[in-house]
Structures are given as C-alpha cells and as structure tokens.
Amino acid sequence: TGYNLVYNTTIFNNTTLQAKFMNQYHFSFNPRTFKNFTALQDAAAFINGNTTFNGHNNKYALMFPDSSHHSMIDAFYNMLYPYVQGNKTIGVPANSSANYWTYFAHQNGHYVPSFNNSQGVKALEMYKNLTQYEPSVSVQPIGYSQQEEYFATGDYAMGIAWSSFFPTYSSNTSKVAGNYSVALMPGGFTGYSPTFLGINPYATNVSLAVEFLNYATTPSQYKMGLEKFAFLPGTYSGLDVAANMSGFGWVHSFVNYSRNITLNKSYASVITALSPLFPTLIPDMNSQILDYFEGKTTASAALSTAYNEWVNAIKDQGIT
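Residue numbers are given in this note's numbering: position 148 of the sequence shown equals residue 152, and the series is strictly consecutive.
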C-alpha cells in the first residue's frame, strides 16, 4: 500500500492520556478514528506538550516525511488528496485513492495540475504544520531511510510510513516491536503502489513459474510472510488472511477501503503518459515546497510556480 500512519501503542493505549485528550479535544485519541489532518495535528500538539509523554522515552510527537530528494512529492499528494477529491470545480474524482494521479484534474477535456488553488494552499500549509514536531528540514530532512529507521528507535510517537517498512519496525532490534499499530491516513485512505510478480512468456519453463506463483499466493505462505517477516500481502485474499491473524486486526479497515476504491482507467493512465517527465516534475515540485518550508516563499507562490513549470513541461512534450 501507500503511506499509512504508524503509532506507538504504549502512548495511545494509555487510559490517562486517552481521558485527558478527550476532555481537551472532545474526540477519540485512537489514530484509526482521526477524520482529518487537523485531528492528527491536535494529537501531535497534545503529545508534544504533555509532560507524561516524556515518560515513554520518546523525543518527538510526529515523524512526517519532508526530504526534498523525493519524499516531498509523495507526502504532498497524500496531503492534497482529501482536500481536492470529489471537488467538481477542481476535477479530482472522489474515492480515487491518493497517488500521483491526484496531481491532475480533468478540466475542459484536458488533464491539468490540480494543486494551484485555495485547497492546494490549505493542504501545503497543513503539511508544513505537521513537520514542526520533528527536527527542521534544514537540520534533518526525513526521507525514506529516516522513515524506516527512526520510528524503529522509539523516538517518535507517530509516523508516516510505507507498509514495506513494517518488517524493520517488527525486527529484533526495533524498540517498537510489539508496541506499534497501523491506521489508514487521517480521513481513511491510502495510496496504492504495488510491486508485482509476473511471468516471462518466453521463459523455458512457464508452467513452473505459474506453479510458483500459485504457491506464493496460498494462505499458508501469506501467513508465514506475516509471522516471520511482517510483510503485508498485496492481494485481497492475502489481506483477508492478515486481518484474521493475531496482531493484524487493523488490516480489516484496509480491506474495506480497498474494495470501495473507484478509479477511472483513463484518469489513472495520465501518469503513464507523464512518467517520462518525472525527472523534471519531481524537482520542480520539491524545490518549491522546500523554499516554502524554509520561509523563502509563500504557499500560494510555491504552488503557482510549480504549476507553471509543470504546465510548460507538459506542453513542451505535446501531452494533452
């Protein structure tokens, strides 16, 4: 799956903190129930300012990816998605899931960048707010390596993570092994970026390859992958197996979400057309977000500049 919210259960299962949070914010301290990023910010602010938090040997309330090397563009489409999806004026379909296609909206027969508007500005401003509970981007950017390694140290109460990081969090050297759980992103969504197994039709033994794939997708192999390696399966049948295993009950929400995604294929195919431009589009976006985070520009100006750069790059390639 795409980005998920991981959290330290020694903090969020603390009944004293649960009651105190409910009394102060009037909604549940359970990350699986957070309805939006404002709720996530409230939880991070509460943890950051609560003296009891220090007793859990954590340094930071929230780990949120902000590396301009690549992570910014991935984090921002997750931020943008709940602000723009289903908005008919902008043109990003509802229930389309967060991914690179969130960056493009269908308007007047064309696919155009979707972020240069008031909703995009709100998303970017919230993104910056959520990075304030970790070292500043100029001191320690949080990229993929940091997301994988830092949450496992136990220094963070919550973090944004790819499911491929779960084996590290569950390893023998992890300080959160057995004491972390997983939620969908606030608002109840995730993006999908699967890795596929396939068969070479020109292989010398195609039947053996088919036999292997059939074996690899059996319930027993899914179960072994979860128990020994904490790998989350990438199929409905595998998710069903995971959801019914001890310690993986949180997977039920992922199964329910996955079965309700609707994505128009022509809408998603815009990414295939634009993928050759990613070496240009990614640094265009990331450099503008970094300038905003470092106070060199405003959120509105950053998105406007990125929008113009993206539109020009797309036009230069004759992509409509």
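For glycine and all other residues, C-beta sits at the position ideal for the given N, C-alpha and C.
It should be emphasised that the depicted structure is a prediction, and the values quoted were computed from it without experimental measurement.
Simplified DSSP state of residue i, which is helix, strand or coil
{"i": "M249", "result": "coil"}
{"i": "Q292", "result": "helix"}
{"i": "V242", "result": "The question names Val, yet the displayed sequence has Gly at residue 242. If DSSP states are grouped into helix, strand and coil, G242 belongs with the helices."}
{"i": "H256", "result": "helix"}
{"i": "Y196", "result": "coil"}
{"i": "V10", "result": "strand"}
{"i": "V125", "result": "helix"}
{"i": "A65", "result": "strand"}
{"i": "N58", "result": "Reliability fails at N58, whose pLDDT of 49 lies under 50, so the model's placement of it is uncertain and the value that follows must be treated cautiously. Here N58 sits in helix by DSSP."}
{"i": "A109", "result": "strand"}
{"i": "P117", "result": "strand"}
{"i": "V214", "result": "helix"}
{"i": "V143", "result": "coil"}
{"i": "V315", "result": "helix"}
{"i": "V180", "result": "coil"}
Length of the line joining the Cα atoms of residue i and residue j
{"i": "A102", "j": "F193", "result": "7 Å"}
{"i": "T135", "j": "M67", "result": "7 Å"}
{"i": "S279", "j": "K179", "result": "38 Å"}
{"i": "N17", "j": "K227", "result": "27 Å"}
{"i": "M246", "j": "W254", "result": "Position check: residue 246 holds Ala in this sequence, whereas Met was assumed. Distance between the alpha carbons of A246 and W254: 9 Å."}
{"i": "S175", "j": "E313", "result": "43 Å"}
{"i": "F252", "j": "S75", "result": "27 Å"}
{"i": "A23", "j": "T302", "result": "38 Å"}
{"i": "Q45", "j": "P35", "result": "11 Å"}
{"i": "S197", "j": "F33", "result": "29 Å"}
{"i": "K132", "j": "P237", "result": "32 Å"}
{"i": "N58", "j": "E138", "result": "Caution applies to N58, whose pLDDT of 49 falls short of 50 and renders its modelled position unreliable; the value that the coordinates give is listed next. Taking the straight line from one Cα to the other gives about 15 Å."}
{"i": "L128", "j": "L84", "result": "8 Å"}
{"i": "E231", "j": "T157", "result": "21 Å"}
{"i": "I146", "j": "S262", "result": "28 Å"}
{"i": "I293", "j": "A306", "result": "6 Å"}
{"i": "E152", "j": "S304", "result": "31 Å"}
Selection from the options that minimises the alpha carbon distance to residue i
{"i": "N54", "options": "A161, A234, E298", "result": "A161"}
{"i": "Y240", "options": "A234, F16, P223", "result": "P223"}
{"i": "I275", "options": "A165, N316, V116, T221", "result": "V116"}
{"i": "F119", "options": "N12, S100, Y311, G322", "result": "Y311"}
{"i": "D78", "options": "T177, Y173, G6", "result": "G6"}
{"i": "F108", "options": "G299, Y271, I293", "result": "Y271"}
Where the alpha helix (DSSP H) through residue i begins and ends
{"i": "A48", "result": "41-52"}
{"i": "G229", "result": "223-233"}
{"i": "W166", "result": "Segment 160-166 is the beta strand (DSSP E) holding W166; no alpha helix (DSSP H) there."}
{"i": "A79", "result": "75-88"}
{"i": "L201", "result": "Per DSSP, L201 belongs to no alpha helix (DSSP H) and is neither H nor E."}
{"i": "E152", "result": "148-154"}
{"i": "F38", "result": "Segment: none, F38 is in no alpha helix (DSSP H) and carries neither H nor E."}
Continuous beta strand (DSSP E) stretch holding residue i: start and end
{"i": "V186", "result": "184-187"}
heavy atom of the ligand SAM below 7 Å from residue i C-beta
{"i": "Y29", "result": "The ligand content of the structure shown is nil, which means the ligand SAM is not present either."}
Report yes or no: do the segment 60-75 and the segment 204-217 share at least 3 C-beta pairs separated by less than 8 Å? No, they do not touch.
Could you tell me whether the segment 15-35 touches the segment 191-207, using the rule of 3 or more Cβ pairs below 8 Å? Output reads no: the segment 191-207 does not touch the segment 15-35.
Are the segment 90-110 and the segment 172-186 touching by the rule of at least three beta carbon pairs closer than 8 Å? The segment 90-110, when compared against the segment 172-186, does not touch it at the 8 Å Cβ threshold.
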